[in-house]
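Visitor: Dropping the structure in here first, questions after.
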Amino acid sequence: MAHLSIIKRNIKLGVKNLLLHKLRSMLTMLGLVFGVGSVIAMLAIGEGASEEALSQIRKLGSRNIIISSQKPAEENSLANNNVRMSVYGLLYDDYRRISETIPTILKTVPVKSMQKPCRYGKRHMDLRIVGTTEKWFDLVQRNVIAGRIISRKDVDEMASVAVLTDHGARKLLAAQNVVGSTIRLGGNAYEVIGIVQTESESAGTMQMPDTDVDVYVPISTTRLHYGDIFSQRKQGSDIREQVELHRIIVEVDNERNVKRTAAAIDRSLSISHKKQDYYMDVPLALLRQARATKRTFSIVLGTIAGISLLVGGIGIMNIMLATVTERTREIGIRRAIGAKRRHIVFQFLIETLVLSIIGGVTGIGMGLFIPWVVTLTTGMPTIVTAYSLILSLGISVSVGIIFGIYPAMRASELDPIIALRHE
Amino acid sequence: MSGGRNCEHAVEVKDLRKTYIVGDQQVNALDGVSAQIRKGEFWAIMGASGSGKSTMLNILGCLDRPTSGSYFLDGRDVSKMDDANLSDIRLKYLGFIFQSFNLIPQLTVAENIALPLYYQGVDEDESIVRAKELASMVGLSMRLDHKPTQLSGGQQQRVAIARALSNDPVLILADEPTGNLDSATSIEIMSLLSEMNKRGKTIVMVTHEPDIAEYAAHRLVMKDGRVDRIS
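Line by line, the protein sequences give chains A and B. Numbering-wise, the first sequence is residues 15 to 437 according to the working numbering. Numbering-wise, the second sequence is residues -7 to 223 according to the working numbering.
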C-alpha cells in the first residue's frame, strides 16, 4: 500500500511538473500523438479496405471458378469489315464435359445472357435475361423476396417461368404482387414465379455474377425460344453472333482443389477451343492476392509506424535530458535530503511515462477520429480493431520506458555536491 | 556498533583526510582532522576559503566520503558506507540548511517541509500534520500553500529550517545560513537556530562571518585542511 501511495504521489508530481511547462509538454507529446494516431488510422483504413475486398471476393465464392466467353481478338477486327456471323465461346458440350469428367467439381452452372424486349402490362423495355439452371441459386445465394426460384422441374420441362431480380422488378414498376402474372419476353409469355435480391457491388476487378441481371429463366426455355444466335445493330452494321453459353460457373468441392481444378478445366477446354475465346476468373486467387497485399501493407505500415514512434521517442528523450539538466539543482536537493538513486530514477521515469501515456491516449483519440472523418467524407469503410488500440498503447508505454530510462539514469547518477552547486 | 540515542557524541571524527588529484598534483583538502561534537552543542566551523571547511561539511553531511580516517555519526561508522546507505543516513539522521535555501520551486511550503517524510514513506495525512506543526514553529503557519518564489529570503530560510527539522535529525548542518540575507533577517534566522539549539538540537554551521559565529558556543577554525584552533 505504501508503494501504491508513492506511485500515486509520483504521478501527481509528474503531472504537476508537466503542467509547469504546458507548451513544452504538449510539443513533446505531439510526436507520439501523431505516431500513434497515424498507426491506428492507417490500420483502420487498411483493415477496412482489405476487409471490403475480402468480403466481396468471399461473396463470389472462394470455391467457385467462373469461366466466361469472350470474342477472340481477331474476330473483333474482322467483324468491322464483313457482315458475317462470328461463332465463339463456351459450348453446351464444354458444360457437359466439364461437369462429367472432372471429379473435384461439385456443381456446374451454365449461363446464357441476352437482352430482349419485355412487356408487362403497358410497360415496354429491354431486359437483361439470364438463362440458367436451378443450381445458379445454390451458388449465388440471395434472399428470395417473394414467390419461389427456378426448380429442376422447370428446367427439365422447359417451363415458361421467370424470376425477376429486385432491380428488374423496379424497372417494370412491379410490386410483389407481380408474382403469378405474365410478362412477355421477346414475344414469348412467361409466368413470374418469384423475386430475388441482387448484389449490386462489384468485387474489385470482378463483377458479381448477378450485377447485370433483370430476370432469370430456365436455360432450356431460352434455347427453345431464342436459339443461340444473337444479332444486334452496332455502328450501322448488323452483327450476328453465335454463342451457346456466356458463362459456366463451377463449384469445387474443396478450396485446396481450386487451383488444380482450374488447370484441369483449362486443359479440357483448350482441346476444343483453338482460339482463346474464353477466360477464367478464380476468386480464390484474388483472395490470396488480397491477403498478400494486406500483408505487404502491414509490413509497410509497421515500418512507418516504427519510424514515427522512434522519432516520437527520441523527441521525448531529448526533452527529458533537457529537463534533467534544468532540474539538476532539484535533484541535488532531493539527494541531499536523503532520496536514493532509485527514487530519482523512478521520479523521472514516471514523468516520461505520464507524458507517453497521455500522448498515447491522445493519439488513440486521433486514431479514432481520422477513420471516422475518412468514412464520413469518402464513404470508405474503416475498421478500428481493438488489437491496434492495445498495440499502440503498449508501444507508447514501451517508448516511455525505453526513452525515459536513459535521462532518468543520468539524473540519478549526478553527484549531489555538484548538483547542489548547479545554477 | 554502539550507535543510537544513548550515544554521548553526535559527531566523532578521527584523522579525517580527503585527497583530490588535480592534474598530476595531489591536493589535501582535509589533512588529518579530529574533532568531537557532543549532542546538544552548537558549533561554528570557520576558516578562509580553501581551508577545507566545505569539504568538512560535505563529509559531515554524508554527501562525500573521506579518503581515510573515521567518522562516527551518533556512534555509527559512516565513513565507508555506499551511496544507498549514506542516502539513508542523510534521510534519517541529518538535516541541511543551505545558503541559497534550496527549496524545490514547484512544491508548496508544506510539501517542501514534508519532503524528507515523503522519502521516509510517511503517509500523506501524517506528513501534512507534521508540516503544519513545523511551519508554526518557524512562524509560517499562514504560508503553507505558498510557493517558495512568493516568499522573502528570510521566510524561505525558515521553510528550509522547518524541512531540516522534519525528520527529527541527530545533527543539523548549516552552510552559510545567512549568506544571502540582510543583517536584520540574519539575526532572526540565527535567533531561530539558537532557539532550536536550546531545545536540544545539535547544530554545526559553516560561516566566515565572525558575528554570525558568535551565536555558536563552540568555534572550530580551519586552515589548510587542518584544525587551526578550537574555542
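Backbone N, C-alpha and C fix where the C-beta goes; we use that ideal spot for every residue, glycine too. This structure is a prediction, so every number in the text was calculated from the model and none was measured.
From Gly39/B to Ser178/B, what distance separates their C-alpha atoms?
Guide: About 20 Å.
Visitor: Out of Val257/A, Asp291/A and Asn268/A, which has the shortest C-alpha to C-alpha gap to Thr118/A?
Guide: Nearest C-alpha to Thr118/A: Asn268/A.
Visitor: Looking only at its chain, what residues have a beta carbon closer than 6 Å to the beta carbon of Ser186/B, apart from the 5 residues adjacent to it on each side?
Guide: Closer than 6 Å at Cβ, skipping near neighbours: Tyr207.
Visitor: Comparing C-alpha positions only, which one of Glu258/A, Thr307/A, Ile313/A and Leu33/A sits nearest to Gly103/A?
Guide: Here the closest residue by C-alpha is Glu258/A.
Visitor: Please tell me whether Gly217/B and Gly44/B are closer than 8 Å, where the distance is taken between their beta carbons.
Guide: Yes. Within cutoff.
Visitor: Of the choices Glu171/A, Val144/A and Arg198/A, whose alpha-carbon is the least far from that of Thr179/A?
Guide: Measuring from the Cα of Thr179/A, the nearest candidate turns out to be Val144/A.
Visitor: Buried or exposed: where does Lys26/A fall if 16 or more other Cβ atoms within 10 Å of its Cβ makes it buried?
Guide: It is exposed - the Cβ of Lys26/A has fewer than 16 other Cβ atoms within 10 Å.
Visitor: Could you run through the stretch 343 to 357 of chain A and flag, in chain order, every residue whose CB is less than 9 Å away from some CB of chain B?
Guide: Answer set for the stretch 343 to 357 of chain A: Arg343, Glu344, Gly346, Ile347, Arg348, Arg349, Ala350, Ile351, Gly352, Ala353, Lys354, Arg355, Arg356 and His357.
Visitor: Just verifying my parser: in three-state terms, what is the DSSP assignment at Glu255/A?
Guide: In this structure, Glu255/A counts as strand in the three-state DSSP scheme.
Visitor: On the criterion of 16 or more Cβ atoms from any shown chain inside 10 Å, does Asn104/B qualify as buried, or is it exposed?
Guide: With 16 or more Cβ atoms within 10 Å of its Cβ, Asn104/B is classed as buried.
Visitor: Please check if any C-beta of chain A sits within less than 8 Å of the C-beta of Phe88/B.
Guide: So yes, Phe88/B belongs to the interface.
Visitor: Kindly indicate if chain A contains any beta-carbon less than 8 Å away from that of Glu116/B.
Guide: Closer than 8 Å to some Cβ of chain A, the Cβ of Glu116/B qualifies, so yes.
Visitor: By Cβ distance, which residues of its chain are closer than 7 Å to Gly329/A, with the 5 residues on each side in sequence left out?
Guide: So the qualifying residues of the chain are Thr42 and Gly45.
Visitor: Applying the 10 Å Cβ sphere with the 16-neighbour rule, what's the burial state of Ala217/A?
Guide: Low per-residue confidence applies at Ala217/A: pLDDT is 48, beneath 50, and the placement is therefore not dependable, though the value from the model is reported in the following sentence. Result: buried.
Visitor: Does the CB of Ala76/B have a neighbour CB from chain A at under 8 Å?
Guide: It does; some Cβ of chain A falls within 8 Å.
Visitor: If you pair each beta-carbon of the stretch 121 to 139 of chain A with each one of the stretch 231 to 239 of chain A, do three or more pairs fall below 8 Å?
Guide: With a cut-off of 8 Å, the stretch 231 to 239 of chain A and the stretch 121 to 139 of chain A count as touching, because enough Cβ pairs lie within range.
Visitor: Can you list the residues of chain B that Pro430/A reaches, using a CB-CB cut of under 8 Å?
Guide: Neighbours of Pro430/A on chain B, chain order: Leu55.
Visitor: Residue range of the alpha helix (DSSP H) that Arg341/A falls in?
Guide: Unbroken run through Arg341/A: none, as it is neither H nor E.
Visitor: Span of the beta strand (DSSP E) holding Thr196/A?
Guide: Residues Thr196 to Leu199.
Visitor: Which residue spans inside the stretch 72 to 129 of chain B form an unbroken alpha helix (DSSP H) run of at least 4?
Guide: As far as the stretch 72 to 129 of chain B is concerned, its whole alpha helix (DSSP H) runs of at least 4 residues are 75 to 85, 101 to 112 and 116 to 129.
Visitor: Between Leu57/A and chain B, is any beta-carbon pair separated by less than 8 Å?
Guide: No, Leu57/A does not count as interfacial toward chain B.
Visitor: Taking the alpha helix (DSSP H) that Ser196/B belongs to, which residues open and close that run?
Guide: Checking the sequence shown, residue 196/B turns out to be Val, not Ser. It is not in any alpha helix (DSSP H) - Val196/B instead sits in the beta strand (DSSP E) that spans Thr194 to Val198.
Visitor: In angstroms, rounded to a whole number, what distance separates the CA positions of Ala304/A and Ser410/A?
Guide: So the alpha carbons of these two residues sit roughly 30 Å apart.
Visitor: May I ask you to report which of helix, strand or coil DSSP gives Thr389/A?
Guide: If DSSP states are grouped into helix, strand and coil, Thr389/A belongs with the helices.
Visitor: Among Asp152/A, Ala160/A and Thr147/A, which residue has its Cα nearest to the Cα of Asp168/A?
Guide: Of Asp152/A, Ala160/A and Thr147/A, the residue nearest in Cα terms is Thr147/A.
Visitor: Run through DSSP, which three-state label would Asp23/B get?
Guide: Note: Asp23/B maps to strand in three-state DSSP.
Visitor: Got a sec, what are the start and stop residues for the alpha helix (DSSP H) Glu265/A sits in?
Guide: It is not in any alpha helix (DSSP H) - Glu265/A instead sits in the beta strand (DSSP E) that spans Arg261 to Val266.
Visitor: Three-state secondary structure (DSSP) at Lys121/A?
Guide: Lys121/A: strand per DSSP, three-state reduction.
Visitor: Under the assumption that Pro169/B contacts Gly87/B (Cβ atoms under 8 Å), give the Cβ distance between them as a whole number of angstroms.
Guide: 12 Å between Cβ atoms; not a contact.
Visitor: From which residue to which residue does the beta strand (DSSP E) around Tyr204/A run?
Guide: From DSSP, the beta strand (DSSP E) with Tyr204/A extends over Asn202 to Val210.
Visitor: Tell me the residue span of the alpha helix (DSSP H) that contains Asn50/B.
Guide: Element bounds for Asn50/B: Lys45 to Leu52.
Visitor: Smallest Cα separation from Asp203/B: which of Asp7/B, Met182/B and Leu52/B?
Guide: Minimum Cα distance to Asp203/B is reached at Met182/B.
Visitor: Checking contacts by CB at 8 Å: is Tyr63/B closer than that to chain A?
Guide: No, its Cβ sits nowhere closer than 8 Å to a Cβ of chain A.
Visitor: Just the chain B side, please: which residues come within less than 8 Å of Lys36/A by C-beta, in chain order?
Guide: In chain order: nothing, as chain B lies at least about 13 Å away.
Visitor: For Arg424/A, would you say it is in contact with chain B, using Cβ-to-Cβ distances shorter than 8 Å as the test?
Guide: Not one chain B Cβ lies under 8 Å of Arg424/A.
Visitor: Whole-angstrom Cβ separation of Asp167/B and Val213/B, contact assumed at under 8 Å?
Guide: Contact doesn't hold; Cβ gap of about 17 Å is too wide.
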